[in-house]
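In the UniProt record's numbering, the protein residues as written are 1 to 406.
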């Protein structure tokens, strides 16, 4: 058996068109939805078209009633559907699963009315209405499925539209909040700039109004602003007015430290000595660091048995229990590990005692070595006078061996 599949057409303008509508029934009788008048071929009549609503017992109707042989069916199997998409009923089993009665291939018999007159229009209408009623329920179910699918698609589209609308609203709200924050920040920055500008202008005005007379430095002899001078005198013991600028005072204490020593740094005007606090206030960082080291060395140098390391670049010191008489003279620096002699203040003299070191560096050793060399030379080149009272060394220069000691 060959099956014929029906092709479903999309109804125009959202309306569902029944595929098996009867040509002589109005849309409201078969389809609850408004639709266009379907075009269905149920065979063609060769005579004049029969009006189903006209009584069949009239002479006009009797003249219009054709004989059975005048009915011309163009196909042995009637077709249902539209002209563009007819549906063949050759295969009766195709509609068996849809609950439709089998369709006869023979032409429908003429219908006889109660008065004995055949009525073709009434017979055809009755047969087609029964067939259409069976098919209409299935078509309505399919139409309802299509309608529900369309409604569901519309709901999904509406939900997507609502979601997009909410997202757009959230983004617009966030953008609005960001814009408001940027505007407030801009106003805040603008207010700060205005306040800073006003403050600078006010300070300049106060300086112009309270500008004092310039003063002369006692060292460089330049006319300078009062702010170029120290706020206090150079030392805590000074009673005079400050007449040395800060720059000249800084150079003065540095030169005094190098030339006269840390304990002799004094005021350039009254020559009063600087204390540790005065030096820290007047000197720069490098000068004060050197002053601090020198003063510290002088203080700890007075401690008994305190010794400074003699290694270059160390500058450390410590107390060593030893003396200059040879008792434990070796000093090991705890900072750099340098070994030195506390008696001679030099690196430790390896393989020599302090006395041997003194003998070597004093010059007596060298003189003894020279005397010994001279005696050895005289012994090789001279002889001792035979006179026991003389014992002098004599040297023969020339002549015979006879010699007279003078």
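Just so it is clear, CB atoms sit at the ideal spot from N, CA and C, and this is done for glycine as well.
In this structure residue 201 is not in contact with residue 214, their Cβ atoms being roughly 24 Å apart against a cut-off of 8 Å.
For residue 330, the secondary structure class from DSSP, reduced to helix, strand or coil, is strand.
Residue 181 is classed as exposed because its beta carbon has fewer than 16 other beta carbons within 10 Å across all chains shown. Taking the Cα of residue 257 as reference, the smallest distance to any Cα among 333, 159, 293 and 233 is reached at 293. In the three-state scheme derived from DSSP, where H, G and I count as helix and E and B as strand, residue 347 is classed as strand. At the C-beta level, residue 329 and residue 354 come within 7 Å of one another. With a cutoff of 7 Å on beta-carbon distance, residue 316 and residue 340 are scored as not near each other.
In terms of Cα proximity to residue 263, the closest of 250, 167 and 279 is 279.
For residue 346, the closest alpha carbon among the candidates 311, 198, 376 and 356 is that of 311. About 7 Å separates the beta carbons of residue 314 and residue 338, which is inside the 8 Å limit, making them a contact pair. In the structure shown, residue 307 falls within a strand segment according to DSSP collapsed to helix, strand and coil. In the three-state scheme derived from DSSP, where H, G and I count as helix and E and B as strand, residue 228 is classed as helix. For residue 339, there is no enclosing alpha helix (DSSP H); the residue is found in the beta strand (DSSP E) stretching over 339 to 341. With respect to residue 217, residue 238 sits apart: the two C-beta atoms are not nearer than 7 Å. Excluding the 5 residues flanking it on each side, residue 245 has same chain C-beta neighbours closer than 6 Å at 217, 224, 228 and 229, in chain order. As a beta-bridge residue in DSSP terms, residue 266 pairs with 273. Cα atoms of residue 281 and residue 291: separation of roughly 12 Å, rounded to the nearest angstrom. The Cβ neighbour count for residue 283, taken over all protein chains shown within 10 Å, is at least 16; the residue is labelled buried.
Selection 144, 255 and 369 evaluated against residue 286 yields 255 as nearest (Cα-Cα).
Secondary structure at residue 313: coil, using DSSP grouped into helix, strand and coil.
Restricting attention to alpha helix (DSSP H) runs no shorter than 4 residues, the region 172 to 260 encloses them at 246 to 260, ordered along the chain. Burial check for residue 143: the Cβ neighbour count within 10 Å reaches 16 or more, so the residue is buried. In the assembly as shown, residue 331 is a buried residue. Its beta-carbon has 16 or more other beta-carbons within 10 Å. Linking residue 343 to residue 327 through their CA atoms gives a straight-line distance of about 9 Å. Looking at the backbone, the Cα of residue 243 and that of residue 273 are separated by about 17 Å. Residues 384 and 385 of the same chain have their beta carbon placed closer than 7 Å to that of residue 391, with the five preceding and five following residues left out of the count.
Measuring C-alpha to C-alpha distances from residue 231 to each of 249, 220 and 219 identifies 249 as the nearest. Around the Cβ of residue 234, a 10 Å sphere holds 16 or more other Cβ atoms; the residue is buried.
The three-state secondary structure of residue 160, taken from DSSP, is helix.
Note on geometry: alpha-carbon atoms of residue 198 and residue 295 lie some 50 Å from one another. Taking residue 374 as reference, the option from 393, 359, 388 and 389 with the minimal CA-CA separation is 393. Rounded to the nearest whole angstrom, the C-alpha separation of residue 381 and residue 356 is 33 Å. Per DSSP, the unbroken alpha helix (DSSP H) holding residue 296 starts and ends at 285 to 300.
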